[in-house]
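Asks: So that we are looking at the same thing, I have put the structure below in C-alpha coordinates.
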Amino acid sequence: MSKDAAHKLFTTGLNCAQSVLAAKSDLTGLSVTDSLKIATGFGAGMAKMQQICGAVTGAYMVIGALHGRVNPDDEASRDKTYGLIGAFNRRFIELHGSLNCRELLGVDLQSEEGVEEADREGYFQSKCAKFVEDAEKIIDEILK
(Lines of atoms letter the chains of each structure in order from A and count residues from 1; the text may use other names and numbers.)
(Lines give C-alpha, C1' and ligand atoms only; values in the text may rest on other atoms or scores of the structure.)
Protein backbone atom coordinates (compact mmCIF):
# COMPACT_ATOMS: atom_id res chain seq x y z
CA MET A 1 0.00 0.00 0.00
CA SER A 2 0.99 3.61 -0.39
CA LYS A 3 2.77 5.76 2.12
CA ASP A 4 0.29 7.16 4.65
CA ALA A 5 -2.00 4.20 3.93
CA ALA A 6 -2.77 3.72 7.63
CA HIS A 7 -4.00 7.30 7.98
CA LYS A 8 -6.11 6.97 4.84
CA LEU A 9 -7.67 3.73 6.10
CA PHE A 10 -8.35 5.31 9.49
CA THR A 11 -10.22 8.20 7.91
CA THR A 12 -12.63 5.71 6.30
CA GLY A 13 -13.87 4.64 9.74
CA LEU A 14 -11.64 1.65 10.45
CA ASN A 15 -10.17 1.49 13.93
CA CYS A 16 -6.58 2.33 14.78
CA ALA A 17 -5.28 -1.24 14.97
CA GLN A 18 -7.03 -2.29 11.76
CA SER A 19 -5.61 0.70 9.92
CA VAL A 20 -2.00 0.03 10.91
CA LEU A 21 -2.05 -3.73 10.29
CA ALA A 22 -3.96 -3.53 6.99
CA ALA A 23 -1.71 -0.73 5.72
CA LYS A 24 1.23 -3.11 5.94
CA SER A 25 -0.51 -6.11 4.34
CA ASP A 26 1.93 -5.95 1.43
CA LEU A 27 4.77 -6.55 3.91
CA THR A 28 3.10 -9.07 6.22
CA GLY A 29 1.63 -11.30 3.53
CA LEU A 30 -1.74 -11.13 5.26
CA SER A 31 -4.64 -10.14 3.06
CA VAL A 32 -6.27 -6.81 3.80
CA THR A 33 -9.45 -8.71 4.70
CA ASP A 34 -7.64 -10.97 7.17
CA SER A 35 -5.76 -8.00 8.63
CA LEU A 36 -9.01 -6.15 9.21
CA LYS A 37 -10.64 -9.15 10.86
CA ILE A 38 -7.65 -9.97 13.07
CA ALA A 39 -7.22 -6.39 14.31
CA THR A 40 -10.90 -5.55 14.91
CA GLY A 41 -10.82 -6.30 18.65
CA PHE A 42 -7.67 -4.28 19.28
CA GLY A 43 -9.20 -0.84 18.60
CA ALA A 44 -9.58 1.81 21.29
CA GLY A 45 -6.98 0.17 23.50
CA MET A 46 -8.23 -3.44 23.32
CA ALA A 47 -11.95 -3.39 22.54
CA LYS A 48 -12.59 0.03 24.11
CA MET A 49 -10.79 -0.90 27.35
CA GLN A 50 -8.31 1.94 26.74
CA GLN A 51 -5.26 -0.10 27.56
CA ILE A 52 -2.42 -0.20 24.99
CA CYS A 53 -3.25 2.08 22.05
CA GLY A 54 -4.64 0.22 19.04
CA ALA A 55 -2.17 1.89 16.70
CA VAL A 56 0.59 0.44 18.88
CA THR A 57 -0.88 -3.07 18.96
CA GLY A 58 -1.40 -2.87 15.21
CA ALA A 59 2.32 -2.16 14.88
CA TYR A 60 3.13 -5.10 17.17
CA MET A 61 1.10 -7.37 14.88
CA VAL A 62 3.01 -6.13 11.83
CA ILE A 63 6.33 -6.80 13.56
CA GLY A 64 5.17 -10.21 14.76
CA ALA A 65 3.92 -11.20 11.31
CA LEU A 66 7.32 -10.32 9.86
CA HIS A 67 9.69 -11.59 12.54
CA GLY A 68 7.72 -13.65 15.06
CA ARG A 69 8.77 -17.14 15.96
CA VAL A 70 6.96 -20.31 15.05
CA ASN A 71 9.27 -22.78 16.76
CA PRO A 72 9.48 -22.43 20.56
CA ASP A 73 13.24 -23.00 20.33
CA ASP A 74 13.74 -20.07 17.94
CA GLU A 75 15.07 -17.60 20.45
CA ALA A 76 16.64 -15.44 17.75
CA SER A 77 13.26 -14.65 16.15
CA ARG A 78 11.72 -14.01 19.55
CA ASP A 79 14.56 -11.72 20.55
CA LYS A 80 14.44 -9.83 17.25
CA THR A 81 10.68 -9.35 17.62
CA TYR A 82 11.04 -8.13 21.20
CA GLY A 83 13.88 -5.82 20.18
CA LEU A 84 11.90 -4.25 17.34
CA ILE A 85 8.87 -3.80 19.58
CA GLY A 86 11.09 -2.21 22.21
CA ALA A 87 12.46 0.20 19.60
CA PHE A 88 8.93 0.99 18.46
CA ASN A 89 7.82 1.63 22.05
CA ARG A 90 10.71 3.96 22.79
CA ARG A 91 10.04 6.05 19.69
CA PHE A 92 6.25 6.20 20.22
CA ILE A 93 6.70 7.23 23.86
CA GLU A 94 9.26 9.83 22.79
CA LEU A 95 6.64 11.34 20.47
CA HIS A 96 3.52 10.95 22.61
CA GLY A 97 4.55 10.29 26.21
CA SER A 98 2.66 7.01 26.65
CA LEU A 99 1.44 3.81 25.02
CA ASN A 100 -1.82 3.88 26.99
CA CYS A 101 -4.98 4.87 25.11
CA ARG A 102 -6.62 6.59 28.08
CA GLU A 103 -3.51 8.63 28.81
CA LEU A 104 -3.04 9.50 25.14
CA LEU A 105 -6.64 10.65 24.66
CA GLY A 106 -7.02 12.29 28.05
CA VAL A 107 -10.60 11.05 28.43
CA ASP A 108 -12.29 7.93 29.74
CA LEU A 109 -14.20 6.25 26.91
CA GLN A 110 -15.93 4.04 29.47
CA SER A 111 -17.93 7.06 30.62
CA GLU A 112 -20.64 8.88 28.69
CA GLU A 113 -18.93 12.19 29.46
CA GLY A 114 -15.62 10.94 28.08
CA VAL A 115 -17.19 9.74 24.84
CA GLU A 116 -19.08 13.02 24.47
CA GLU A 117 -15.90 15.04 25.02
CA ALA A 118 -13.92 12.93 22.55
CA ASP A 119 -16.65 13.35 19.93
CA ARG A 120 -17.19 17.05 20.59
CA GLU A 121 -13.47 17.88 20.54
CA GLY A 122 -12.69 15.64 17.56
CA TYR A 123 -10.08 13.56 19.41
CA PHE A 124 -10.48 10.55 17.13
CA GLN A 125 -9.89 12.67 14.04
CA SER A 126 -7.02 14.63 15.54
CA LYS A 127 -5.26 12.68 18.26
CA CYS A 128 -5.98 9.11 17.14
CA ALA A 129 -5.29 9.90 13.50
CA LYS A 130 -1.85 11.21 14.53
CA PHE A 131 -1.12 8.07 16.56
CA VAL A 132 -2.00 5.92 13.53
CA GLU A 133 0.13 8.05 11.23
CA ASP A 134 3.09 7.97 13.60
CA ALA A 135 2.80 4.21 14.19
CA GLU A 136 3.11 3.64 10.45
CA LYS A 137 6.09 6.00 10.20
CA ILE A 138 7.86 4.34 13.12
CA ILE A 139 7.34 0.89 11.60
CA ASP A 140 8.89 2.15 8.37
CA GLU A 141 11.84 3.61 10.31
CA ILE A 142 12.64 0.55 12.41
CA LEU A 143 12.20 -1.97 9.60
CA LYS A 144 14.68 -0.26 7.25
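Under this note's numbering, the first residue of the sequence shown carries the number 1273, and numbering increases by one thereafter.
Note that the Cβ used here is the ideal one computed from N, Cα and C, for glycine as well.
Quick check on N1361: does DSSP put it in helix, strand or coil?
Replies: As a first step, residue 1361 is located in the sequence shown; it is residue number 89 there, counting from the start. Helix.
Asks: Taking three-plus beta-carbon pairs below 8 angstroms as touching, is the stretch 1306 to 1321 in contact with the stretch 1338 to 1351?
Replies: no
Asks: Return the chain-ordered list of same chain residues with a C-beta closer than 7 angstroms to the C-beta of A1295, the five sequence neighbours on each side being excluded.
Replies: Counting from one through the sequence shown, the residue named residue 1295 turns up at place 23. Contacts found: M1273, A1277, A1278, L1281 and E1408.
Asks: Let me confirm a value: I1411 is counted as buried when at least 16 other C-beta atoms fall within 10 Å, else exposed. Which label applies?
Replies: Residue mapping note: residue 1411 aligns to position 139 of the sequence shown, counting from 1. Label assigned to I1411: buried.
Asks: Let me know if D1406 comes out buried or exposed under the rule of 16 or more other beta-carbons within 10 Å of its beta-carbon.
Replies: Indexing the sequence shown from 1 puts residue 1406 at position 134. D1406 should be labelled buried.
Asks: What residue range is occupied by the uninterrupted alpha helix (DSSP H) comprising I1324?
Replies: For this step, residue 1324 is matched to residue 52 along the sequence shown. No alpha helix (DSSP H) holds I1324; DSSP gives it neither H nor E.
Asks: Do you know whose CA, among K1416, R1392, A1401 and K1402, lies nearest A1359's CA?
Replies: Taking the sequence shown and counting its residues from 1, one reaches residue 1359 at position 87. Among K1416, R1392, A1401 and K1402, the Cα nearest to that of A1359 belongs to K1416.
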